[in-house]
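One structure below.
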Amino acid sequence: MRWPRQLMSLLFVLTLLAGPPIVLLSLVGPPELGWPTAAQAREWVQNPLTEQTLTAALTIAAWLVWLLLAYTATIRVLTRLSATVSWLRRMPLPTPLQATAGGIAGAAVLSVSSHAIAAPPPPPTQPVAAGTLGDADNPTPSDGDVLAAAGISVAGGWLPRDVAEQVSAAAALVWLRRRRSYRPRPPGPPSREDTDLAPLPPTVAAVQAALADATPPLTEPGAASAGSPPLDRPTPGRAFPRAAVGLTGPGAQDAARGLLVTSLLAGRHHPAVSVVATRSVLAGLLGPTAETLGPRLPGLAVIDNLGQATGFFSGDHPGRGLGGRDQPQRNAQEGTGPPGPTLIVDEASATDNAETLASLATASSALAVLGRFPAGHTWQIDASGRTHHQDGSGSAGPRMCVLTQVTATDLLTVIAHPDPAPPEPGTSGPSHNPTLAGRSPQWDATAQDHPVRSGNDTRRLQLRVLGEPTLLLDGHPVEIRRTAALQVLVFLAAHPDGADTRQLTDAIWPGLPRRSLTGRLYTTLSDLRATIRSTAGMALIEHSDDRYRLDPTAVTVDLWHLHHAVRDAITAVTTDATTWKAVIDAYPGDLAARRTWPWLEPIRETTRRHVIDAHAALASASPDARQALAWLQAGIRIDPYNANLHTRAISALIAFGDHDAADHLRKDYARRLAAAGILPNDTALTTATLRDQPAIPTR
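In terms of the working numbering, the sequence shown opens at residue 864 and continues consecutively.
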């Protein structure tokens, strides 16, 4: 609640403005008007340090300080009033038709019987975790609250709501692909540094955080991907007319990047080319990354001239499917079939190839010219993406997605193919993940200083973060009112060595200015501490040297138990199945299950891989083939997207002669990947051969 703080601030300012004059008038009296006389001046020169002169000097200084304070407060008030007046002037007024419709609706409401049951008021809108959900008239509110579902403002651009959802779905696919490609290995230390555990770019995290509290939680890790836009979803260029549109103004380049990103996102489920752009345009939009990132973007075709573009708009091109050369035009006219690609060219290409461009316009879903386009419409675009026609009418067009070069590159990363020679998943190497880097010494220190106690543990507080996050006091859940407070608990549980203010704000509210988040973090921590102190009578969070950490002497954490089990297993002198079973038994579910906080994924996947490694190690060491298969099937239940576990399980079933079960497992896995939007690894699942995995005995 902000009104208590605002009231206290108002009282403080009024005290500063009214206090000094009251004190001065009561102690010294009102100031005397006029200049000092000649006699008073000579007396002051002869004896300047008298009690009277010092009192007068201090009084004058006090009045000057008060005048400066009053001037500052007056300027701030006038600035606020001016901003309010400007906002009221920009507030859109209803048109005559809207006013008439509103009057009719009001009369209809007043005519309803007084016995009608009033609907309950909608719940208050909660602030988002990060980013900004805003409408077209107020895209960047100062407090970061949810205003409307029209779009999301991030550092370096604005995205429509549906585009933001596609970004979030594509980000979820990135982690599902990493889970699919991971190969279990001999388990290592708790703070593993797999190179494929690097977090996604900051812009993607800001978009995910903005949607985290605005959408219902997911029940399945791949549900975000499974809920991706269907194949018949309109393309982002639907706001464009079929004729080419020229883009000018300070936001033209950013709008072209937005069109590039939205078209590629919308077309990622289509096998056809979704964007065609000239090489010079792509270099201007993406800068130095165009040469390396461009070839990795699925659905992007780079051309040198418009003559090369005709093939992508005809049925003869491999990326356009069947139907003949005129099929895209017929689809555009009839409104059936997949839309044509989005075409982005520069002004020179459009002017020199007017006839070719006119023929391509009928087959494209969006056609943008960077610059004025004499043969069609030209839009003036400001920095926020608002468009205005340059035909003299001054009428406003649709608001476009606008992205800076860095922001567009961040978003394109989630749909780009991996590097031609990516590092082998599961191999150690230098970590680029600040959340995971340097974790091993801290985990070891925690294990030595605060060992996990057995069943005679007398600590009353228990924090469960594996599965649904819950704080328990003597076995009873403690209500955590703020979502951000729950995030703080889970984050500190995943970082037993603690975290400073910057780490907490960057994780919980990514993409928002840090200067506006320090107070929000202090409010969250204060509320959390007060809740725990009132229910348990103890302090759970320690604070020293600007670092916050959970007090290990006051709380038990299930994640810490799991990491101790992993450490015991890898440091055991002899290989013992009991130690690996302890790792599996300490894992009731995913870290903060069903939560979509962006910072969770690297740590969640790290924890899951420890458990998968334990299942694979037990399967490899088991002398009984049936028991080994059971361990593999249990590992598949932990991660149903891992290809290596499925391959080994299918191979074991084939070795047993149970081809029906192997075929059923293969098809079920293929359906799961297809539902998530991932093409299965047909070679691995068809041959089911194990070249680099230990064989499972059949007896």
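Yeah, the Cβ is synthetic: ideal placement off N, Cα and C, and Gly gets one too.
The structure presented is a predicted model; accordingly, all values stated were derived computationally and were not measured.
Beta-carbon proximity of Leu932 to Leu874, cut-off 8 Å: Not a contact, by the Cβ cut-off of 8 Å.
Buried/exposed call for His1509, threshold 16 Cβ in 10 Å: With 16 or more Cβ atoms within 10 Å of its Cβ, His1509 is classed as buried.
Simplified DSSP state of Asp1502, which is helix, strand or coil: Looking at Asp1502 - three-state DSSP - the assignment turns out to be coil, as it is neither helix nor strand.
Buried versus exposed call for Ser1212 [16 or more other C-beta atoms within 10 Å across all chains shown]: For Ser1212, the number of other beta carbons within 10 angstroms of its own is at least 16, and it is reported as buried.
Pairwise C-alpha distance: Thr1416 and Val1341: Between the alpha carbons of Val1341 and Thr1416 lies a gap of roughly 18 Å.
Minimum C-alpha distance to Asp1439 - residue among Leu1388, Gly1452, Ala1484, Asp1408: Among Leu1388, Gly1452, Ala1484, Asp1408, the Cα nearest to that of Asp1439 is on Ala1484.
Nearest residue (CA-CA) to Pro1373, options Ala1068, Thr1141, Leu930: Of the listed residues, the one whose Cα sits closest to Pro1373 is Ala1068.
Ile938 burial status per 10 Å Cβ neighbour count (16 or more: buried): Ile938 comes out exposed.
Complete runs of the alpha helix (DSSP H) confined to the region 1128-1171 [at least 4 residues]: The region 1128-1171 contains these whole alpha helix (DSSP H) runs: 1142-1149, 1153-1156.
Ile923, buried or exposed, once every other Cβ within 10 Å from all chains shown has been counted against 16: Exposed, since its Cβ has fewer than 16 Cβ neighbours within 10 Å.
Distance between Asp1523 and Pro1064 (C-alpha atoms, nearest Å): For Pro1064 and Asp1523, the distance between alpha carbons rounds to 43 Å.
Sequence-distant residues of the same chain with beta carbon closer than 8 Å to Val1328, five excluded per side: Closer than 8 Å at Cβ, skipping near neighbours: Leu1352, Val1353, Ala1356, Ala1357, Val1420, Asp1421, Leu1422, Leu1454, Ala1455.
Through-space distance from Leu1122 to Leu1230, alpha-carbon basis: In this structure, the straight-line span from the alpha carbon of Leu1230 to that of Leu1122 is close to 10 Å.
Sequence-distant residues of the same chain with beta carbon closer than 7 Å to Gly1520, five excluded per side: Once the five neighbours on either side are set aside, Gly1520 has no close Cβ partner at all.
Neighbourhood of Ala1370 by C-beta distance below 7 Å, restricted to the same chain and skipping five residues each side: Excluding five sequence positions before and after Ala1370, the CB atoms of its chain that fall closer than 7 Å to its own CB belong to Phe1354, Trp1462, given in chain order.
Coarse secondary structure for Gln1366, derived from DSSP in three states: Three-state DSSP puts Gln1366 in a helix.
In DSSP terms, what Ala1229 is bridged to: Per DSSP, Thr1205.
Bridge-paired residues (DSSP) for Tyr1411: Paired residues: Ala1362, His1406.
Own chain residues within Cβ distance below 7 Å of Ala1362, not counting five before or after: If you ignore the 5 residues before and after Ala1362, its C-beta comes within less than 7 Å of the C-beta of Phe1354, Leu1355, Arg1410, Tyr1411, all in its own chain and listed in chain order.
Close beta carbons around Leu1413, own chain, < 6 Å, minus the five adjacent residues each side: Shown here for Leu1413: same chain residues with a beta carbon closer than 6 Å to its own, the five before and five after excluded, namely Leu1355 in chain order.
Cα-Cα separation between Leu996 and Ala1013, rounded to whole angstroms: Residue placement at Leu996 cannot be trusted, given a pLDDT of 44 that sits under 50; what the coordinates show is reported in the next sentence. Roughly 7 Å separates the two Cα atoms.
Whole-angstrom C-beta distance between Leu1039 and Ile1475, which should lie under 8 Å: That belief does not hold up - the Cβ atoms of Ile1475 and Leu1039 are roughly 15 Å apart, past 8 Å.
Backbone CA spacing between Gln869 and Arg943 [nearest angstrom]: Put simply, the backbone Cα of Gln869 is about 14 Å away from that of Arg943.
Identity of the residue in His1473, Ala1279, Ser1031 nearest Ala1428 by Cα: The candidate whose alpha carbon is nearest that of Ala1428 is His1473.
DSSP state of Arg1563 mapped onto helix, strand, coil: Coverage of the chain is limited to positions 864 through 1562, which leaves residue 1563 absent and any answer about it impossible.
Element boundaries [beta strand (DSSP E), containing Arg1327]: Segment 1324-1327, the beta strand (DSSP E) holding Arg1327.
Per-residue burial, His1280 [other beta carbons within 10 Å of its own, 16 or more giving buried]: Exposed: under 16 other Cβ atoms inside 10 Å.
Val1446 beta carbon less than 8 Å from that of Gln1325: No Cβ-Cβ contact shorter than 8 Å links Gln1325 with Val1446.
Nearest residue (CA-CA) to Asn1168, options Val1139, Ala1347, Thr1241, Ser1126: When C-alpha distances from Asn1168 are compared across Val1139, Ala1347, Thr1241, Ser1126, the shortest belongs to Val1139.
Spatially closest choice to Ser1044 from Asn1507, Ile1513, Ala1539, Arg1535, by CA coordinates: The residue from Asn1507, Ile1513, Ala1539, Arg1535 with its alpha-carbon nearest to that of Ser1044 is Asn1507.
Which listed residue (Ala904, Ala1061, Gln1029, Tyr1450) has its alpha carbon closest to that of Ile1278: Ile1278 has its Cα closest to that of Gln1029, out of Ala904, Ala1061, Gln1029, Tyr1450.
Pick from Gln1253, Leu1060, Asn1216, Thr1214 that is closest to Thr1469, judged by C-alpha positions: Nearest Cα to Thr1469 within the set Gln1253, Leu1060, Asn1216, Thr1214: Leu1060.
Proximity test, Cβ basis, 8 Å: Ser1031 and chain D: Absent here is chain D; the protein component of the structure consists of one chain.
Best match in Ile1513, Leu1233, Asp1215, Trp1021 for proximity to Ser1143 [C-alpha to C-alpha]: The residue with the shortest Cα to Cα distance from Ser1143 is Leu1233.
Rounded separation between Glu1056 and Met1401 - CA only: Taking the straight line from one Cα to the other gives about 36 Å.
For Ser1389, the three-state DSSP class (helix, strand or coil): Three-state result, Ser1389: helix.
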